Every structure is written in C-alpha cells, then in structure tokens.
Amino acid sequence: MRKIEKQLLKHILKIDDVQLMLLEEIPEQAEEILGELLKRYNEGEPLEYITNEINFMGLDFFVDQNVLIPRPETELLVEEVLKYVTKETEILDLCTGSGCILVSILKLGNCIGTGVDISEKALQVARRNVKIHGVKAELRKSDMFNMVEKKYDIIVSNPPYIETKVIDILENRVKNYEPYIALDGGGDGLNYYRTIREFFASNLKPNGMLFLEIGHDQGLAIEELFKEFDTQIKKDYAGHDRIAIIKL
C-alpha cells in the first residue's frame with residue numbers, strides 16, 4: 025500500500041499507524057471512499073484539502089481551500105515569537121488565514137491575541153481552529169491594519185510574498201488549489217511588506233517587536249525596507265532567508 029493510501033485510509037477510518045498495521049481487511053465502504061479520495065489526489069488536489077487537516081507545531085488544524093496550507097518553515101516563525109512571549113503578551117497576527125500561527129502562539133505561549141484577515145471565508149476557518157484549541161483570540165475582518173484599533177506587544181505575519189509572475193510556474197497543487205490572494209505579493213513580492221512598514225510602528229507598544237516570514241531571497245530587500253529599525257534576518261534549515269525580526 026502506498027504512503028498516500030495509508031494516510032487517506034487512516035483519515036477515513038479515524039485510526040493511527042498501529043491500528044492500520046493491525047487492520048486485516050479494509051471495510052467495503054471505506055474502500056469505496058478511498059477510491060474517491062485517491063481520484064481527487066491523483067487529479068492534483070492537495071492531501072491537506074482532501075482530509076481537511078494538517079499538523080502544525082504539534083497541533084492539529086482544520087484547513088480547506090479558503091486558506092493557505094501551513095508550511096513546515098512557518099513553524100520557525102512561531103518558534104521565534106515564542107522566545108519573547110509571556111502571559112501578559114498581546115499578539116496581533118496579520119493575514120491570519122487558517123489561524124495556525126496565532127493559535128499556536130496563544131496555545132503554546134499561554135497568552136492572548138487578535139487575528140485579522142481580509143477574507144471572511146478564511147476567518148471562518150480560523151474561528152474553527154480557535155474553538156478546537158480553546159485559545160483566547162479575537163478574529164476580525166480587516167484589510168491589514170484598517171480595522172486594528174489598539175497597540176500590541178508583538179505583531180506577527182506571514183503575508184503573501186510570491187512575485188505575481190512566478191505564480192504561474194508553481195506546482196499545480198499550489199497554483200490550481202491554494203487561494204491566489206494568499207500567494208500574490210505583487211510584482212516584486214513586497215507589496216504587503218510595504219504596507220506593514222508604513223503602519224506597524226503605530227500599532228506596537230513601546231519596545232514592541234515585529235516578526236515576519238519572508239521569501240527565500242528577500243532578506244536584503246526587507247533589510248533595506250526596514251533600515252530605520254533594528255532588523256535581523258534568520259535563515260531556515262535549508263540556509264534560505266525566512267524570518268525577519270524587527271524591533272522599534
């Protein structure tokens with residue numbers, strides 16, 4: 025049995041690896057469903073959208089085609105934020121999407137926060153994940169900072185940062201299924217960072233910090249964009265630019 029078949033079968037039967045190994049026979053109804061789900065996967069649909077689930081930071085999240093599928097690299101963003109979080113810390117998550125970043129920080133850091141997104145459908149997914157994990161989070165529809173009314177200790181964001189021209193050459197599972205609005209960062213991929221640069225300081229408390237996920241080759245551009253501030257670029261495990269930490 026192929027790996028993908030095993031993953032789908034575990035999802036269908038709601039069993040773990042050990043239970044799957046001990047399974048002597050696949051129920052007929054489950055086999056029919058498996059065939060349907062395999063067809064969707066073979067046609068290009070991402071596994072995460074088929075199962076509506078993904079593990080991120082050791083936590084299980086609901087995802088669908090209204091939100092970007094969380095990547096392993098984004099866990100580095102959460103890990104960096106958690107180094108600075110206390111119970112009193114208030115977090116703002118811009119472009120919250122599924123809420124995986126915000127919920128993970130609030131759950132693991134035992135703090136409170138707000139997530140904003142321009143997509144109401146994405147916010148519905150985020151609300152579901154907030155409820156699943158029982159964290160204290162406010163979710164609000166907002167075009168970036170438009171509806172943000174208070175100051176926060178930490179602002180975090182994984183905004184769209186792919187250059188528009190590059191989207192057409194992404195693999196089919198990404199460009200054909202993941203929401204375009206969550207991918208497109210404009211001509212040079214920096215549109216959202218420019219907006220963040222313009223408004224973030226007025227939405228941070230004194231000594232506040234901004235944490236950004238960035239594209240693999242955007243470190244120098246981000247340093248230039250935030251040159252008036254104390255800016256540090258951190259690399260991912262592959263040695264690529266990945267996280268920007270900006271201090272007031």
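For the sequence shown, the residue numbers in my numbering are 25 to 272.
Every residue, glycine too, gets a C-beta built ideally from N, C-alpha and C.
This one's a predicted model, so the numbers in the text were calculated from it and none came from an experiment.
Distance from the CA of D192 to the CA of L47, rounded to the nearest whole angstrom, comes to 42 Å. For the 8 Å CB-CB criterion, I179 and N215 do not form a contact. Of the other Cβ atoms in all chains shown, fewer than 16 fall within 10 Å of the Cβ of L194; this residue is therefore exposed. Taken atom to atom, the span from the alpha-carbon of E237 to that of R266 is near 6 Å. In this structure, E72 and V87 form a Cβ contact; the two beta carbons are roughly 5 Å apart against a cut-off of 8 Å.
K155 has its alpha-carbon roughly 15 Å from the corresponding atom of C135. Taking the Cα positions, E252 is about 49 Å away from H35.
Nearest C-alpha to I57 among M45, V42, T75 and P70: T75. Within the model, the alpha-carbon separation for D167 versus I220 is close to 11 Å. Counting only unbroken stretches of 4 or more residues, the alpha helix (DSSP H) elements lying wholly within the region 82 to 154 are 98 to 106 and 124 to 133, in sequence order. Annotation for E252: no beta strand (DSSP E) segment contains it, and DSSP assigns it neither H nor E. The C-alpha of G232 lies about 30 Å from the C-alpha of G211. Sequence-distant Cβ neighbours of L32 in its own chain, meaning closer than 8 Å and more than five residues away, are L58, L61, L62, Y65, L71, I74 and T75.
Using a 10 angstroms sphere on the CB of D117, the tally of other CB atoms reaches 16 or more, which defines it as buried.
Here V42 is exposed. Its C-beta has fewer than 16 other C-beta atoms within 10 Å. If you ignore the 5 residues before and after V102, its C-beta comes within less than 7 Å of the C-beta of M81, I125, S128 and I129, all in its own chain and listed in chain order.
About 15 Å separates the Cβ atoms of H157 and L106, ruling out a contact at the 8 Å cut-off. Restricting attention to H240, G123 and K174, the CA atom closest to the CA of K229 is found in K174. Taking all protein chains in view, the Cβ of Q53 is surrounded by fewer than 16 other Cβ atoms within 10 Å, so the residue is classified as exposed.
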